[in-house]
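Undergrad: Numbering (the working numbering), first residue to last: 18 to 107.
First the structure, then my questions, so here it is.
Next comes the structure, spelled out in structure tokens:
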């Protein structure tokens, strides 16, 4: 009878499982509290930084395929020159 608790399935499997579940719940509580703690902080918005720099960033919904085609039609694509970029070995 001295080894009886070792052979009991409830003591051998259920109690460590319950301890693991409760311990995991308490451990995850710390991580989930961070989610609500930092929820009210301001998020970084790159569009605001671009506006502060004085650049105009158009909305992607305003750009259509037809407007881009008109823009390319206005460009002069026949008069160009192939310029070799100097390489470090040259």
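Here a beta-carbon is modelled for each residue, glycine too, at the ideal position from N, C-alpha and C.
So within the region 57-96, which uninterrupted alpha helix (DSSP H) runs reach at least 4 residues, ignoring any that extend past its ends?
TA: Fully enclosed alpha helix (DSSP H) runs of 4 or longer: 63-69, 82-91.
Undergrad: Hey, how far is the Cα of residue 49 from the Cα of residue 38?
TA: Taking the first residue of the chain shown as position 1, residue 49 is located at position 32. Taking the first residue of the chain shown as position 1, residue 38 is located at position 21. Distance between the alpha carbons of residue 49 and residue 38: 16 angstroms.
Undergrad: Does DSSP put residue 24 in a helix, a strand or coil?
TA: Position 7 of the chain shown holds residue 24. DSSP places residue 24 in helix when its eight states are reduced to three.
Undergrad: Which residue marks the beginning of the alpha helix (DSSP H) containing residue 100, and which one marks its end?
TA: Sequence index remark: in the chain shown, residue 100 carries index 83 (1-based). Segment: none, residue 100 is in no alpha helix (DSSP H) and carries neither H nor E.
Undergrad: Give the straight-line distance between the Cα atoms of residue 32 and residue 26, rounded to the nearest whole angstrom.
TA: As a position in the chain shown, residue 32 is number 15, starting the count at 1. As a position in the chain shown, residue 26 is number 9, starting the count at 1. Approximately 9 angstroms between the Cα atoms of the pair.
Undergrad: Following the continuous alpha helix (DSSP H) through residue 33, name the residue where it begins and the one where it ends.
TA: Position 16 of the chain shown, counted from the start, is the residue given in the question as residue 33. 32-54 is the span of the alpha helix (DSSP H), which, as asked, contains residue 33.
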